[in-house]
Amino acid sequence: MLELFITFFKIGALTFGGGYAMIPLMEKEIVAQGWLTQAQFLDIVAIAEMTPGPIAINSATFIGYQHGGILGAAAATFGVVAPSIIIMVIFSHLLARLKASKYSIALKGVGVGVAAMIAAAVFGLIKPAITNFADLAIAVAALTLAITTKLSPIVIILGAGLAGVVLYGLVL
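Counting from 0, one number per residue, gives the positions in the sequence shown under numbering that gives the first Met the number 0.
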């Protein structure tokens, strides 16, 4: 349980910008420890995206449960949220001073860095997921829908699954 807590505490403490920014570090830690393969991790990210709640918490809970049952789920979940709780308590006391400070501009740089980390996570997940033309077609269609419509991620993911059934049925 302690190993789960420490691993997810580190993930929560070292990533800024929310769940998607955590994906690269989470993948590195989880796959390196042999808790999941890269393909299994990709599946968990997809499932966590479809379920209600933050992706990092959903992923931590699922991985923790797989490796330690209910206590493992609790340890991993608390580990991933504990750094945010600690930081928010500290920052809530410092926020008024920070807004008036010349250093507040650094937060813009943090935002750009987070966007870059999310892009890196996307490229890291796409690489093993797209192995043929059918995969590419589904990915392009899903991305286009995500960018140009207000469809729920659940609808897009389920649509991608249906497209997979149709395309792989035709390809295979």
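Glycine included, C-beta positions come from ideal geometry on N, C-alpha and C.
- Rounded to whole angstroms, E48 and I153 show a C-alpha spacing of 8 Å.
- Residue state for K149 is assigned as coil, using DSSP reduced to three classes.
- The region 66 to 80 and the region 5 to 14 touch, with no fewer than 3 CB-CB distances between them shorter than 8 Å.
- A residue is called buried when at least 16 other Cβ atoms come within 10 angstroms of its Cβ; F122 does not meet this threshold and is exposed.
- Shown here for V30: same chain residues with a beta carbon closer than 8 Å to its own, the five before and five after excluded, namely T36, Q37 and F40 in chain order.
- Within the model, the alpha-carbon separation for F61 versus M0 is close to 14 Å.
- Contact between Y19 and A119 does not hold, since the beta-carbon distance rounds to 10 Å and is not under 8 Å.
- Residue range L1 to L13 is occupied by the alpha helix (DSSP H) that includes I5.
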